[in-house]
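Residue numbers (the working numbering), protein chains in the order written: chain A, 6 to 461; chain B, 6 to 461. Beta carbons are placed, not taken as given, at the ideal position from N, Cα and C, and that holds for glycine. This one's a predicted model, so the numbers in the text were calculated from it and none came from an experiment.
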């Protein structure tokens, strides 16, 4: 019962689809952020659900840890094999299966990325709306209950995954949900696996809910003198029921990072970036009403466009925000952290976080999906400098504790991973965290699935 | 360790809030539909979460079954104490707690009904959108993952419950979620309890997501020559992305029932009843575009109105559909059953169900929330006549099996209760049903919570 004997059996099963090459191990030991290199003992490249089941039966019998791997874009080190064992790279399970246009549903393998999926859907009139920025895999997005810029309109992965195929720790295969819009048939197993970060089962297939490509899209950015005016604009827009498809906040530091990285000439003050989806007439009306609110709040530069090239340019800037911020300090790594608070507490939470970071020696732009009350800090550090790592962790801890005290959550979309497990009891209470542990124990009694993550 | 000794202890705890009067027991042994009277051994009326926790500690120690009770409007006998024990009537826990207008959120006790809640919210500019027709309690709606006429726009209870307080079988109190729009912090315990029908814990408080009262509403009904034309209209409307707030189908038999019950003069053919929410301009545009589709499909009588009195009349008819159908056969009870199928299979599913019922001696109108692919049959029976009960069950079984074979679910919104547990393995597969059993066992090892429901 060792990792070694598991790998011997897995090698017989998978042949050259079990890799132990140093470069492969290192590629699967990296994270997008500041976590140190943590290579697994081997990387498997399964082709089918049945093969994943066979792999888990072996790992279960041999007590070998298993961590699934999608596109490697997670921000909290979710897929790092901190106890060694097997990394299950899902890249070969990236096919689009059953596309049901009338049902607005498609079944895909977990390895497909959201950009590939939308590329394939281009001619169908449909698209998959969840957009976390990074070109993440759908399996990874499901496992972390991801969301992003469009969730204010279309919801998160919780709202856009209709069903799953999951392999349990002992190799049993379960199917949950399906291509229907709703069901009240028993426990919501789909929701249970979403956000479980690979600790309850391995997702091998997903049925996704699709949306109509909007007839018209308008987008714009606008500048504000201060953060409060920008956030007040968001709250007012929500209260007026103006249906935003995206509404993103970037602070002055982020606007500065954009200018330095992308050559834009934004005023270096807080901004909102917005987008409206609908009929020609509806988006024109929405943009007009939003423009009136902006003006009332003293915002400037609001100039909406429905030209695709202008929109693409706008969202390319936003999607490159992480790299633009990283470039503020060449060679730096980032501790990227997010929280989500009730909208009524958003201004306070952002203001106090900004003040905290300003009082620290670290550079840390703030930006976020403010229509959801969700914001991020990108704290730039030399990851070899213990003092800086500790300072970044201190700032992230303060941000999370502030979110809890304001009735919010320690993470709106990045998940728990390695960075936030120590905060679980504080957010959920010991009883609820223990309950998560009971569920984990019921589904994975020997604890081989992504050990050391989420539960007590 | 008996029900008897549990009740002795509960009586000391609750005084006259533990009732054993015959009328009280009978009131809590009835269901809205055809199930026979099934009184519990006692009815408790708790005041607080802590009191529910004390009650469950006693019942856990004494192995006494516990079934929660809201408004008694469920359709599958969910709250019937088939193994005796304690009925926990939540009516005294009906308060509105924290109302957070800026956050579009409110915390309520489980006993409040949706009409009372919306009455209280009337002056706030907000409302709670989930509308199952019956004036159900919010706790019951959460426990059955209810939905209804507005879910095509606003989602089901799954989408509109942000957080819960739940008392577990052993009396532990857990809090899940909160007044934030999203979170990726650990397992989605809120979703796990929604739809668990009182088998995993007792809901003692809910934080609900509210919506802006729409600036304008337009509504209309229209008649079609046949079912296929009506359903094709729904599919086309969805594909055009016209945002419906409600879209209800009623068949010719239901239209006839309306005429007989409410004195309306509808053509006795299939109808759609629709409603649009938004700005003045948007609802006018939506109604116009919808009207064009209706015309193209040969629909008639489409005449939209934004007058509140016209709308109220329209939806009063729809909400009374159950009683209108019951009145088709004075003295009859109904076996009410629902399924949900992929939209692409909706016409086929409704057509075949209609043919099945037409070939049967029973009267059975069909109606439903067709924007979700969800429809109901109301099968009228003399519940003392075994042959009729068996025939109604046969029709419901065929409807459920057809839904499964078309990729759908055995219930879109009514839940499992007593009527559908025998279909769980067929829908979900034995592995997934077993998994539900494992979760139940982890949370309620002695099985005191609503025993005999949902799990194997």
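With 7 Å as the threshold, decide whether the Cβ of residue i is near any Cβ in chain B.
i: residue 440 of chain A; result: yes
i: residue 104 of chain A; result: no
i: residue 175 of chain A; result: no
i: residue 443 of chain A; result: yes
i: residue 447 of chain A; result: yes
i: residue 429 of chain A; result: yes
i: residue 413 of chain A; result: yes
i: residue 184 of chain A; result: yes
i: residue 437 of chain A; result: yes
i: residue 416 of chain A; result: yes
Please report how far the alpha carbon of residue i lies from the alpha carbon of residue j, in whole angstroms.
i: residue 278 of chain B; j: residue 147 of chain B; result: 26 Å
i: residue 423 of chain B; j: residue 458 of chain B; result: 7 Å
i: residue 261 of chain A; j: residue 272 of chain A; result: 8 Å
i: residue 191 of chain B; j: residue 395 of chain B; result: 45 Å
i: residue 363 of chain A; j: residue 304 of chain A; result: 24 Å
i: residue 89 of chain A; j: residue 434 of chain A; result: 30 Å
i: residue 291 of chain A; j: residue 219 of chain B; result: 15 Å
i: residue 179 of chain A; j: residue 450 of chain A; result: 17 Å
i: residue 149 of chain B; j: residue 82 of chain B; result: 11 Å
i: residue 151 of chain B; j: residue 61 of chain A; result: 36 Å
i: residue 96 of chain B; j: residue 426 of chain A; result: 38 Å
Quick one: measure Cβ to Cβ for residue i and residue j, integer angstroms, because I've assumed they're closer than 8 Å.
i: residue 71 of chain A; j: residue 84 of chain A; result: Actually they do not touch by this definition, with Cβ atoms about 11 Å apart.
i: residue 138 of chain A; j: residue 324 of chain A; result: 5 Å
i: residue 136 of chain B; j: residue 154 of chain B; result: 5 Å
i: residue 411 of chain B; j: residue 346 of chain B; result: 5 Å
i: residue 380 of chain A; j: residue 341 of chain A; result: That pair is no contact at about 12 Å.
i: residue 69 of chain B; j: residue 91 of chain B; result: 6 Å
i: residue 308 of chain A; j: residue 222 of chain A; result: The pair is not a contact, with the Cβ atoms about 15 Å apart (cut-off 8 Å).
Please tell me whether residue i has its Cβ less than 7 Å away from any Cβ of chain A.
i: residue 190 of chain B; result: yes
i: residue 450 of chain B; result: no
i: residue 407 of chain B; result: no
i: residue 345 of chain B; result: yes
i: residue 459 of chain B; result: yes
i: residue 424 of chain B; result: no
What residues from chain A crowd round residue i, counting only those whose CB sits closer than 7 Å?
i: residue 330 of chain B; result: None at all; the shortest Cβ gap to chain A is about 21 Å.
i: residue 108 of chain B; result: 347, 348, 349
Does the beta carbon of residue i fall short of 6 Å from some heavy atom of the ligand ZN?
i: residue 380 of chain B; result: Absent from the structure shown: the ligand ZN. Ligands present: none.
Helix, strand or coil for residue i? Go by DSSP, reduced to three states.
i: residue 431 of chain A; result: helix
i: residue 291 of chain A; result: helix
i: residue 419 of chain A; result: coil
i: residue 244 of chain A; result: helix
i: residue 185 of chain A; result: coil
i: residue 100 of chain B; result: coil
i: residue 309 of chain A; result: coil
i: residue 209 of chain A; result: strand
i: residue 94 of chain B; result: strand
i: residue 379 of chain B; result: strand
i: residue 150 of chain B; result: coil
i: residue 118 of chain A; result: strand
i: residue 227 of chain B; result: strand
i: residue 220 of chain B; result: coil
i: residue 23 of chain A; result: strand
i: residue 330 of chain B; result: helix
i: residue 303 of chain A; result: coil
For a contact defined as C-beta to C-beta under 9 Å, what are the partners of residue i on chain A?
i: residue 433 of chain B; result: 179, 180, 181, 190, 191, 194
Would you mind telling me which residues of chain A sit closer than 8 Å to residue i, beta carbon to beta carbon, in chain order?
i: residue 453 of chain B; result: Per Cβ cutoff of 8 Å: no residues; residue 453 of chain B is ~16 Å from chain A at best.
i: residue 115 of chain B; result: Within chain A, no residue comes near residue 115 of chain B; the closest Cβ sits about 17 Å away, beyond 8 Å.
i: residue 234 of chain B; result: The contacting residues do not exist; residue 234 of chain B stays about 16 Å from chain A at best.
i: residue 220 of chain B; result: 246
i: residue 240 of chain B; result: 107
Against residue i, what residues of chain B qualify as contacts under a CB-to-CB distance less than 9 Å, listed in chain order?
i: residue 290 of chain A; result: 284, 286, 287
Residues of chain B with a CB under 8 Å from the CB of residue i: which are they?
i: residue 163 of chain A; result: 187, 193, 196
i: residue 379 of chain A; result: 186, 187
Using a C-beta to C-beta distance shorter than 7 Å, which residues of chain B count as neighbours of residue i?
i: residue 149 of chain A; result: 189
i: residue 138 of chain A; result: Chain B residues near residue 138 of chain A: none, gap ~14 Å exceeds 7 Å.
i: residue 420 of chain A; result: 189
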